[in-house]
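Residue numbers for the sequence shown follow numbering that gives the first Met the number 0, so the first one is 0 and each next one is one higher.
Following: one structure in structure tokens, then a few remarks.
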Amino acid sequence: MIKIPFGFITLLLLTFFLKAQSNLSEEAMLEKAKIIHEKAIVLDTHVDIPGKEYATPECDPGIDNPNLRCDLVKMEKGGVDGVFLAVFISQEDKFDGETYAKLKDNALAKFEAIERIFEQYPDRCELALTTADLRRIVSTGKRAIMIGIENGYAIGDDLSSLDKYYSLGTRYITLSHWRNNQICDSSTDETPKHGGLSDFGREVVKKMNLLGIMCDASHIAESSFWDLLDISSSPIICSHSGSKAVTDHPRNLSDEQLKALAKNGGVVQIVAVPNFIESSDHKKMVESLIDEFQLGERNFNYYMTDEEKELKKKDIEGYYAKLELLEKTIPAASVKDFVDHIDHAVKIAGINHVGIGTDFDGGGGVTGFKNHAEALNVTIELVKRGYSEEDILKIWGGNLLRVWEKVEANSAAKS
Ligand SMILES: [Zn+2]
């Protein structure tokens, strides 16, 4: 007979018991996350559409489309109830009537593209123009689609275009994009143009307040942000931004901005663009690659002219090839990094002022949350970190709905 020491059996039993415990709690955690996720109105405030080909046979949002991070199938699978689709207008250095007319045509073509989803899939989604619409649509089990314009450049120099965009369903406008425009300075332009909001920009904000279009401060310079808080009579949103204290990127908000946003009653919707929320290991790796290929600065793609890009073609290709290889072991960001940004914003601004705006199909997508089908992973991570059901409901949609309702009420009171 083999003698097994008593201590060994105790250890064996203890190991088994602990393992069962941890498995159980993992399972219980998943169950809890699923229940909360189901209860929540799960909203994403920033999703891009590829362009005019959206909702044509070339780019069908009704199937599990390998070219889209957000389509109806992935939203249904991931329990995502509503998204703001972005009518994105690229920034040029021209500010004349002819350019503005062209921009308006571009914007209208994108509105038409979004309109096509409702014709193609009337049983699966519907346009929400109000918070009441959104709640009603979600309660029927359909996806609610909202519209935001990304870049106030689309307004041109004509305030009446805001009436037109509002009537087409626009419920927020991101005041600028990557460069300064006629409304305000951008956080990623090298030199200030207005030092904040322009005189025209101030008129735009007042009219947006009047109409009930949310002012979106993502992309705008810090100077523009302070001007906007001064002028807007409604709370504001940042539809897709991160926490600068966690990742020092000009697209993210400083702690001072987060505190001011809380005071304003607004909300920051945390972005899932890897560069904006990247891990420190990835940052170090990219910086050394930029040095190795002598590409100057991090966002060289935006700052280099076409001629400069042509001259550095070989280096740029080498950079991307090596980056792809290295990212297999050092991913830019994961769902944990994403939730780190949520954690920080909650710590500074409070639980009532943080939400989610991925920028899927516009650069967003991280390991573990690469598309809407994986939305539950965010809830699981939040549950693991001790967020309550009430907290998670606020983060996924409650906070954004509160701000939008305030913006609606303020507009109704003015008219
Ligand atoms: Zn953006």
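For each residue, glycine too, the CB sits at the ideal point set by N, CA and C.
- DSSP places Met145 in the uninterrupted beta strand (DSSP E) bounded by 142–149.
- The Cβ-Cβ distance between Asp336 and Glu373 does not fall below 8 Å.
- In the DSSP assignment, the residues bridged to Glu125 are Ala143.
- If only complete runs of 4 or more residues are kept, the region 202–249 shows the alpha helix (DSSP H) at 221–230, in order along the chain.
- When distances are taken from the beta-carbon of Asp43 to the heavy atoms of ligand 1, even the shortest one reaches 7 Å or more.
- In the DSSP assignment, Thr44 falls within the beta strand (DSSP E) that extends over 42–47.
- By DSSP's assignment, Tyr302 forms no beta bridge with any residue.
- Residue range 266–269 is occupied by the beta strand (DSSP E) that includes Gln268, with no alpha helix (DSSP H) assigned at that position.
- The DSSP-derived three-state label of Val345 is helix.
- Closest by C-alpha distance to Tyr386, out of Asp342, Gly397, Leu400, Lys413, is Asp342.
- Sequence-distant partners of Gly265 (beyond 5 residues in either direction) whose C-beta falls short of 7 Å from its own C-beta, in its chain, are Pro234, Ile235, Ile236, His352, Val402.
- In the DSSP annotation of this structure, the continuous segment of the alpha helix (DSSP H) that includes Val285 starts and ends at 279–291.
- Annotation: the continuous alpha helix (DSSP H) that includes Thr130 extends over 130–138.
- Contact annotation, Leu42 with Gly77: C-beta distance approximately 12 Å; criterion of less than 8 Å not satisfied.
- Taking one beta carbon from each stretch, the region 280–293 and the region 326–333 have 3 or more pairs nearer than 8 Å; the two touch.
- Short note on Gly385: C-beta not closer than 7 Å to any heavy atom of ligand 1.
- If you check the C-beta of Gly241 against ligand 1, you find no heavy atom less than 7 Å away.
- Assignment of Arg170 by DSSP, reduced to helix, strand and coil, places it in the strand class.
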